[in-house]
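Student:
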Amino acid sequence: MQNNCIYLDNNATTKVDPEVIEVMLPYLTDYYGNPSSMHTFGGQVGKAVRTAREQLAAILGADESEIVYTSCGTEGDNAAIRAALLAQPEKRHIVTTQVEHPAVLNVCKQLETQGYSVTYLSVNHQGQLDLDELEASLTGNTALVTIMYANNETGTIFPIEQIGLRVKEYGAIFHVDAVQAVGKIPLNMKTSTVDMLTLSGHKLHGPKGIGALYIRRGVRFRPFMIGGHQERGRRAGTENVPAIIALGKAAELELLHLEEATAKERKLRDRLEQTLLATIPDCVVNGDVTQRLPNTTNIGFKYIEGEAILLLLNKYGICASSGSACTSGSLEPSHVLRAMGLPYTTLHGSIRFSLCRYTTEAEIDRVIEVMPSIVERLRALSPFKNDDAGWLQGQEQALAHR
Amino acid sequence: MWDYTDKVLELFYDPKNQGEIEETGEAGVKVATGEIGSIACGDALRLHLKVEVESDKILDARFQTFGCTSAIASSSALTEMVKGLTLDEALKVSNKDIADYLGGLPEAKMHCSVMGQEALEAAIYNYRGIPLATHDDDDEGALVCSCFGISESKIRRVILENHLTDAEQVTNYVKAGGGCGSCLANIDDIIRSVQQEYASPALNNYGVQVATEIVTSKQRSLTNVQKIALIQKVLDEEVRPVLIADGGDVELYDVEGDRVKVVLQGACGSCSSSTATLKIAIEARLQDRVSKSLVVEAV
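So the protein sequences, as listed, match chains A and B.
With the first letter of the first sequence counted as 1, position 300 gets the number 1561 in the numbering used here; the numbers rise by one all the way through.
With the first letter of the second sequence counted as 1, position 253 gets the number 289 in the numbering used here; the numbers rise by one all the way through.
#1: Touching or not, the segment 1479 to 1494 of chain A and the segment 1395 to 1415 of chain A, by the rule of three or more beta carbon pairs under 8 Å?
#2: Please list the residues of the segment 1634 to 1649 of chain A that have a C-beta atom closer than 9 Å to any C-beta atom in chain B, keeping them in chain order.
#3: So, is B/H199 buried or exposed, given that buried needs 16 or more other C-beta atoms within 10 angstroms?
#4: Please give the ranges of any beta strand (DSSP E) in the segment 1325 to 1396 of chain A, keeping only runs that are unbroken, at least 3 residues long and fully inside the region.
#5: Among A/D1278, A/F1435, A/L1286, A/I1565, which one has its Cα closest to the Cα of A/P1542?
#6: Which whole-angstrom value is the C-beta distance of A/L1639 and A/I1570, which I expect to be below 8 Å?
#7: Between A/T1606 and chain B, is there a C-beta pair that is closer than 8 Å?
#8: For B/K93 versus B/Y163, is the C-beta spacing smaller than 8 Å?
#9: Name, please, each residue of chain B whose Cβ falls closer than 9 Å to the Cβ of A/S1585.
#10: With 7 Å as the C-beta to C-beta threshold (strictly closer), list the residues of the segment 215 to 235 of chain B near chain A in chain order.
#11: Which of the three DSSP states is assigned to A/S1585 in this structure?
#12: What would DSSP say about B/S74, mapped onto helix, strand or coil?
#13: Where do the ends of the beta strand (DSSP E) carrying A/H1518 lie?
#14: Quick one: is B/I134 near chain A, going by C-beta distance under 8 Å?
#15: Determine, using beta carbons only, whether A/A1273 comes closer than 8 Å to chain B.
#16: Give every residue of the same chain whose Cβ lies closer than 8 Å to the Cβ of B/K352, excluding the five residues on either side of it in the sequence, and list them in chain order.
#17: Taking just the CA atoms, how far does B/Y234 sit from B/Q255?
#18: Assign B/D172 to one of three DSSP states: helix, strand, or coil.
#19: For B/R82, does the three-state DSSP call read helix, strand or coil?
#20: For B/D50, collect the residues of the same chain with a Cβ closer than 6 Å to its Cβ; drop the 5 residues on either side in sequence, then sort them by chain order.
#21: For B/T207, go through chain A and note every residue whose CB falls closer than 8 Å to its CB, in chain order.
#22: Find the nearest neighbour of B/F221 within the set B/T259, B/E58, B/V180, B/G185, judged by alpha-carbon distance.
#23: Do you know offhand how far A/N1575's Cα is from A/A1507's?
#24: Taking Cβ positions, are A/V1329 and A/E1500 nearer each other than 8 Å?
#25: State buried or exposed for A/F1419, treating a residue as buried only when at least 16 other CB atoms are found within 10 Å of its CB.
#26: Can you list, in chain order, the residues of its chain whose CB lies under 7 Å from that of A/E1664, leaving out five sequence neighbours each side?
#27: Please name the residue or residues paired with A/R1553 in a DSSP beta bridge.
#28: What are the start and end residues of the beta strand (DSSP E) that includes B/E292?
#29: For A/I1560, go through chain B and note every residue whose CB falls closer than 7 Å to its CB, in chain order.
#30: CB of A/E1630 to nearest heavy atom of the ligand COA: below 7 Å?
#31: Which whole runs of the beta strand (DSSP E) in the segment 1578 to 1636 of chain A are 3 residues long or more, in chain order?
#32: Contact defined as beta carbons within less than 8 Å: I believe A/Y1381 pairs with A/T1407. What is the distance between those atoms, to the nearest angstrom?
#33: Tell me which residues share the same chain as B/Q232 and place their Cβ nearer than 6 Å to its Cβ, disregarding the 5 neighbours each side in the sequence.
#34: Are A/G1602 and A/G1584 close, meaning C-beta to C-beta below 8 Å?
#35: Please report whether the beta-carbon of A/I1565 lies at a distance below 8 Å from any beta-carbon of chain B.
#36: In angstroms, rounded to a whole number, what distance separates the CA positions of B/V332 and B/I160?
Below is the structure:
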């Protein structure tokens, strides 16, 4: 199963590139020195960490001094939000969106209990923001605007630079969770309005347990992890050297393959999406189909439930993801799809296929081959057949206020 | 990762009895339908029962389910379990029976088995012509979980029937508290209230005495006279104080074999939750204290 699976869940995590593993391994075996040590044994490791930092900075169009390693995307988001607030204690307002990752949303919810006010910007049916709503929310009291670059569930890309221009007018710090964007779209922090940006290693064919936070030079930053002087005092703790080396290499390879890989992924994704829409009745694409990551499609298959779809896909060795409640720890379906105002008929049966540079045409063909029968099989079991069914219609209306 | 038993997977991959049963006008046969769940909650079940009118026997059962693996498997299991039973026998099928048939369900999926049991009950009540408003106690009482529309009475019932002891379990069984979570503290209060109600000092005073007789009764078969006396005693000492506290009461009318006929009085007589009172407060207690085969009916 593991070696033969058709892996289309790359927004959850990615396969570690073999070249990445190759460069990482010596730092788990022979080169185990502490990069902060003064002796040669540690110093050679420190030199490798600097090289990795340069590689990572390159994919962001940043300076290596602007990179702080973290343990993951969640830490990056937490660190950025808390640092921005600590640096501006007089300001008590945060702006974010309803569709952020829990690593941002749950921090904001916690901050609300600590006296901060938070504006959660809404999205439309395509998952896009209203820039006027953003503008109206900004005040001189706004300390931080934290908005994701691309949505992990739908792939919808937000107009980050347009947002940043507005944020700057109000003197707020602009943090971007770019965990899904790095390696999938070109980035250049030199010409950007972004102050801080989060990324995660395992989303770009690096290992898990390593991430980074870009902090624009000059942006005030107050660390919440305090201890030694690692990472220029911005993130204490001995560096996870093998993972840092791996992330550097992963970033180098992503940059190298970016153009060719994204073109291939977009072509395969579009074929998958268009064929499924053409062959399966009552299904829709969720999200903004023009401003979207090239590797992601989120399709709502009406009247059936996502976990059941996933288990049948799994039987064919196909790995995907769902926004249904039954696949999450919560009993509520995806907050992203709900924020988009999708009807329950669609959102419970939404499946995300996310591709990567390893995805092949044959794999996409296989999904195209099996998906219609899976949907047909589950619809044969379902009591819901169309939007006019009395049972269904009444419930949708009753729940419209929720 | 899914943690399903082989039986769950078997009935998911190859579900038995899927589909509808249509009324064909066949003499002596009627079709009962029960619907439960909602598209918003992510699972819904429509159960069809083909009933032989004279014998009250379920000749066939089919289902249509919108839901996850567990929901589909639970629905299929339910239809297999009730075929051949009389409606009274079918009413005794609990959500635990459904889960047991499947070799167990993940705790977080127990609500799928509850949905099966509720759909069965809905179908039988529909068949018997009991208007929904008078048997659906779930619509009564305060709304506790507004995310999933779960009332206090439904939560109390699932706590009692499944001996639940914490809010997380309640969420797993009926979803209440699984949305925004703001009602979890209220659910904790309900659990505590149910526990206190069924372990009140007044009952314990009697409980010692009744328990002695239960021990005795379990060691030998009861004569009819002994059985009726013990039923009367349990009603007087364990059931009536609870009902009286709520403004109601119950009187033992007759005992025919295992059928215990009672008259609900006071608030219980006109209460729309009387069916739940019969099943939970009276029948379950008598089954526990006197004999598992007892069935309680209101006259």
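The beta-carbon is built from N, C-alpha and C at its ideal position, and this holds for glycine as well.
Tutor: Considering the structure as presented:
#1: no
#2: L1639, A1641, L1642, S1643, P1644, F1645
#3: exposed
#4: 1328 to 1331, 1354 to 1358, 1378 to 1382
#5: A/I1565
#6: 7 Å
#7: Closer than 8 Å: yes.
#8: For B/K93 and B/Y163, no; Cβs fall outside 8 Å.
#9: G78, C104
#10: G215
#11: Here A/S1585 sits in coil by DSSP.
#12: strand
#13: Here A/H1518 belongs to no beta strand (DSSP E); instead the alpha helix (DSSP H) covers 1502 to 1540.
#14: no
#15: No, no contact with chain B.
#16: Outside the displayed span of chain B (37 to 335) sits residue 352 of chain B, for which this structure offers no information.
#17: Confidence is the limiting factor: at B/Q255 the pLDDT is only 49, short of 50, which leaves the residue's position unreliable, though a coordinate-based value still follows. Going from the Cα of B/Q255 to the Cα of B/Y234 covers about 25 Å.
#18: Residue confidence is low: B/D172 scores 49 on pLDDT, short of 50, so the model does not pin down where it sits. Its coordinate-derived value is still stated next. DSSP places B/D172 in coil when its eight states are reduced to three.
#19: For B/R82, the three-state secondary structure derived from DSSP is strand.
#20: Annotation for B/D50: no residue places its beta carbon closer than 6 Å to its own, counting only its chain and skipping 5 residues before and after.
#21: L1592
#22: The sequence shown places Ala at residue 221 of chain B, rather than the Phe named in the question. Among B/T259, B/E58, B/V180, B/G185, the Cα nearest to that of B/A221 belongs to B/V180.
#23: 30 Å
#24: no
#25: Answer is buried; the Cβ neighbour count reaches 16.
#26: With chain A represented from 1262 up to 1663, any question about residue 1664 of chain A goes unanswered, as that position is not in the structure.
#27: A/T1417
#28: 284 to 292
#29: The premise fails here: A/I1560 is roughly 18 Å from chain B at the closest Cβ pair, so nothing lies under 7 Å.
#30: Inclusion of the ligand COA in the displayed structure is not the case, the ligand content being empty and no account of it being possible.
#31: You should have 1611 to 1615.
#32: At roughly 11 Å, the Cβ-Cβ gap does not stay under 8 Å, so A/Y1381 and A/T1407 are not in contact.
#33: Excluding sequence neighbours, B/Q232 sits near nothing in its chain.
#34: It is not a contact, given that the beta carbons lie outside the stated cut-off.
#35: yes
#36: Distance between the alpha carbons of B/V332 and B/I160: 16 Å.
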